[in-house]
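Working notes, beginning with the structure itself.
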Amino acid sequence: MAPFAARAVPLILLAVAAAAQPLFVLPPTTTIEELEAAREQWRDEGPESYVMRYQRTCDCGFCGCDRAYDEPFVVTVESGVVAHVEYLTPYDFFSRPVREEVAANIPTVEGVFDMIADAILWGGGPVHVAYDPETGAPLEAFTLFDYNDYFDEDYNLDVHSVQFMGSEFSDNDDDSGLGGASPVEQFKRAFAQWFAFRPASYKLRFFVECFQFDIPELSFCPPTPELQGPFIVSVEGREAVDIVFAPEANVPPGTPIDPSFVATVIGLFDFIGEALLYNPALTEVQVTYNPQTGVPEYFFYDEVKPLPGFEIAFHTELL
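In mature numbering (1 follows the signal peptide of the UniProt record, and there is no 0), the protein residues as written are -19 to -1, 1 to 300.
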């Protein structure tokens, strides 16, 4: 397989319910011939090792999935085999390990091809797939099962979504591996770089810089400027085990810390990814990544909603 430079692909976050019409535009229906042609393209042009965000959402008692797979996973694939599976949880403070029986059923891209093929051959309903034009990978797959003759529901829906967050990429003169890539490409490559580097435990200096305070709609901002930090966050695995104010913080001793204003590195990546890819209210986004570790050291955005001109910045340093 050829090395794959991470590229911008859509993240699919779907809420589906029985007896409701879909509010999104489905990709085209696919045939088994089209699927197998895309699979061959993936085998020729896709990477052997990659990091992807995978999520399966279903509203269907016949689809063979359960609520254990509703949450998004970060899946690390090495040489075509799933090497590691983690939950991707915003801010990461309530993360927990993926159960072995759940991780064992998380597919690679090849596995997603197999699941789609099974749905097509079963013939329970139309199968809609959006393929990556560069690699053939199925980025979105929707299967609609029509059981209206037997149940009250109008349809049942089974959804697979794949988002590449990074992969093998060739060395170049830019130490960060980002070159002239788009902001989304830079994000995905930095994410992959962090996954390759990440230590079992680390300390992070974290400072959030808000320009409006005590606004209920902006719940991720501290209520007063002095509570912006800086903080020292101690992380073991994916969990923040200790958060304290840095010595230079201008706060009285014993001031409580609200952990919702602080993130681990993975939590910060999740926040930045949402800002870059999925928030149409943003007017400006700036991110600086550490060239050796991929850690986002500076993240700024200027938002027009919920308040015009709202700005926020995060400053981090791996200690």
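Glycine included, C-beta positions come from ideal geometry on N, C-alpha and C.
Quantities reported herein were computed from a predicted structural model and do not represent experimental measurements.
Check your understanding: Who does F187 pair with in a DSSP beta bridge?
Key -> F212, T297
Check your understanding: Below 9 Å between beta carbons: does that hold for residue 319 and G27?
Key -> In the structure displayed, the chain extends from -19 to 300; residue 319 sits before or after that span and is not available.
Review point. How would you call Q167, buried or exposed, if buried means at least 16 neighbouring beta carbons within 10 angstroms?
Key: Buried, by the Cβ-count rule.
Exercise for review: Please report how far the alpha carbon of E220 lies from the alpha carbon of E15, in whole angstroms.
Suggested key: 43 Å
Review point. Skipping 5 residues on each side, what residues in its chain have a beta carbon closer than 6 Å to that of V214?
Key: L185, F187, A221, I224, V243
Practice item. Starting from the C-beta of A19, find all residues in its chain whose C-beta is less than 6 Å away, skip the five residues before and the five after it, and write them out in chain order. Key: Y112, G117
**Study point:** Residue environment, S30, which counts as buried when at least 16 other CB atoms sit within 10 Å
**Key:** buried
Review point. What's the gap between the Cα of T57 and the Cα of P233?
Key: Spanning the two alpha carbons is a distance of roughly 43 Å.
Practice item. Rounded to whole angstroms, what's the CA-CA distance from Y282 to G104? Just pull it up for me. Key: Roughly 46 Å between the two C-alpha positions.
Review point. What is the DSSP secondary structure of I87, reduced to helix, strand or coil?
Key: coil
Exercise for review: Go through its chain and collect everything with a Cβ distance to H65's Cβ below 6 Å, but skip five positions before and after it.
Suggested key: Correct list, in chain order: T57.
Practice item. Using the Cα positions of N271 and G210, report the straight-line distance between them to the nearest angstrom. Key: 21 Å
Practice item. Measure the alpha-carbon distance for V189 versus V268 and round it to whole angstroms. Key: 14 Å
Practice item. State the DSSP-derived secondary structure class of A122, mapped to helix, strand or coil. Key: strand
Check your understanding: Which word fits R37, buried or exposed, when buried means at least 16 other C-beta atoms lie within 10 angstroms of its C-beta?
Key -> Using a 10 angstroms sphere on the CB of R37, the tally of other CB atoms reaches 16 or more, which defines it as buried.
Practice item. Identify, in the order they occur along the chain, each residue of the same chain with its Cβ nearer than 8 Å to the Cβ of L102, setting aside the five sequence neighbours on each side. Key: I13
**Study point:** Residues near L300 in its chain [Cβ-Cβ closer than 8 Å; skip 5 each side]
**Key:** Y183, K184, L185, R186, I213
Practice item. Flag this pair as yes or no: are the beta carbons of F178 and T245 separated by less than 9 Å? Key: no
Check your understanding: Within 10 angstroms of its Cβ, does P9 collect 16 or more other Cβ (buried), or is it exposed?
Key -> P9 is exposed by the Cβ-count criterion.
Point to revise | Buried/exposed call for T236, threshold 16 Cβ in 10 Å | key: exposed
Exercise for review: Look at the Cβ atom of V63, then the Cβ atom of A84, and state whether they are nearer than 9 Å.
Suggested key: yes
Practice item. Can you tell me which of E67, L208, V276, P88 puts its alpha carbon nearest to the alpha carbon of P78? Key: Cα-wise, what sits closest to P78 is E67.
Review point. Using the beta-carbon count (16 or more within 10 Å), is D251 buried or exposed?
Key: buried
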